[in-house]
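Note that full-length UniProt numbering has the sequence shown beginning at 1, numbered continuously upward. Inspection log for the structure reproduced underneath, given as structure tokens.
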Amino acid sequence: MSLGTRKFVAAFTKITGIVVLSVGAVIKTAYYNYEDFLDDSFFSVPSLLIAIGAIVIIFSVFLIFIFILELSAGIAGYVLKNNAEQFIVDKLEETMNKYNNSTEITKAWDELQTEMTCCGIHSASDWSPKAPTTTTPPTNASQASTLNLPMSCCSPVNGMWGSVNCTEDSPNLYTVGCLNKLGLFAKEHAVTLGGVGIGIAFLQVSLSSSEINWIT
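Pasting the structure below:
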């Protein structure tokens with residue numbers, strides 16, 4: 001069904017609903033004063049026309065409302081794609097400050113860093129204000145302290161036993177920040193959500209128009 005045909009069917013449906021409702025209302029009003037002289041079955045017809053007209057109009061309004069909601073969801077998905085990085089930065093900074101103060105946030109950060117093999121927002125150094133440094137006897141003039149990082153910043157080493165720390169010097173440290181990976185993940189899914197929302201909106205209109213055309 002072409003776009004022009006779908007528009008015609010939708011407009012025709014609305015007009016039909018208004019006409020049917022109006023005819024029923026006019027007939028019922030015109031013969032209201034003679035109600036006592038007419039059989040009840042006579043008034044059931046205009047009442048039925050009013051009901052049918054109202055249902056058709058309500059259906060059309062709901063169809064438009066659903067289309068607007070689905071289209072809005074699709075547009076919101078594409079808007080979210082453009083602003084995803086800043087949203088993520090704000091949220092990562094906010095939650096990083098609460099690491100070790102909230103079991104839920106600690107678990108969320110550990111899962112994020114482990115599953116996406118990343119550390120910190122931009123790099124491991126983002127943990128510097130939040131993680132303690134362990135002073136160790138320097139082996140040279142430039143090595144005086146080591147930054148302790150969450151264990152989720154390092155990949156597990158097979159055969160590792162005992163207490164182990166994850167530091168900036170660890171050979172198994174994740175060197176990529178989580179913003180890049182999480183940002184890409186969010187953008188890809190935002191595009192998917194936007195496409196699905198807009199696609200369903202137009203599919204809904206197409207199917208509904210075809211259904212109306214079949215009924216009429």
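The beta carbon of each residue, even a glycine, is placed where N, CA and C say it ideally should be. For clarity, every value in this text was computed on a predicted model and none was experimentally measured.
**With 16 other Cβ atoms within 10 Å as the buried cut-off, status of T216** = Residue placement at T216 is poorly supported in this model, since its pLDDT is 49, which falls under 50; the coordinates still yield a value, given next. T216 should be labelled exposed.
**Asked** Is C154 helix, strand or coil by DSSP?
**Response** In this structure, C154 counts as strand in the three-state DSSP scheme.
**Request:** Classify G159 as helix, strand or coil using the three-state DSSP reduction.
**Result:** Here the model assigns G159 a pLDDT of 48, short of 50, so the residue's position is not dependable and the matter cannot be decided.
**Request:** Taking 7 Å as the cut-off, decide whether the C-beta atoms of P128 and C154 are in contact.
**Result:** Note that residue 128 is Ser in the sequence shown, not Pro. For the pair S128 and C154, the CB atoms are not nearer than the 7 Å cut-off.
**Message:** My output table needs one value for C178: the three-state DSSP class, helix, strand or coil.
**Reply:** If DSSP states are grouped into helix, strand and coil, C178 belongs with the helices.
**Request:** Taking only heavy atoms of the ligand NAP into account, decide whether any of them is closer than 6 Å to the Cβ of K181.
**Result:** Inclusion of the ligand NAP in the displayed structure is not the case, the ligand content being empty and no account of it being possible.
**Asked** Is I88 closer than 7 Å to G177 when the C-beta atoms are compared?
**Response** Against a cut-off of 7 Å, the Cβ pair of I88 and G177 comes out as no contact.
**Item:** E111 classed as buried or exposed, judged by whether at least 16 other C-beta atoms fall within 10 angstroms
**Value:** Counting every other CB atom within 10 Å of its CB across the protein chains shown gives E111 a total below 16, marking it as exposed.
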